[in-house]
Amino acid sequence: MTDQNNPNEAGAAMMPYLIDGLKRLNVDEMERLDAAITPDTAFLMTKAFGPELGALLWPLIAGDES
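For what it's worth, the working numbering labels the leading residue of the sequence shown as 85, then goes sequentially.
Below, the structure written as structure tokens:
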């Protein structure tokens with residue numbers, strides 16, 4: 085059982101749902117999401133939800149300026 089008060093465990097528990105959700109986006113929608121996720125947003129979301137989310141967000145910020 086995961087401890088939902090632990091951000092790392094909470095983030096790990098939601099990863100399958102996030103990955104499935106991203107698969108529902110078409111190419112245009114993924115490009116819009118890529119533009120919307122900034123390095124600062126990714127940092128804060130990773131801090132809040134754990135390194136698993138950071139790994140998911142990394143492709144969206146790779147090459148972006150901070």
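We put the beta carbon where it would ideally sit given N, CA and C, even for glycine.
Asked, Found
"Burial state of T125 (16 or more Cβ within 10 Å)", "exposed"
"Whole-Å CB distance - D148 paired with T130, under 8 Å assumed", "So it is not a contact: roughly 14 Å between Cβ atoms."
"For T130, the three-state DSSP class (helix, strand or coil)", "helix"
"Through-space distance from M99 to L80, alpha-carbon basis", "The requested residue 80 is not part of the displayed model; the chain covers only 85 to 150."
"Same chain only: Cβ atoms within 7 Å of D118, ignoring 5 sequence neighbours per side", "L144"
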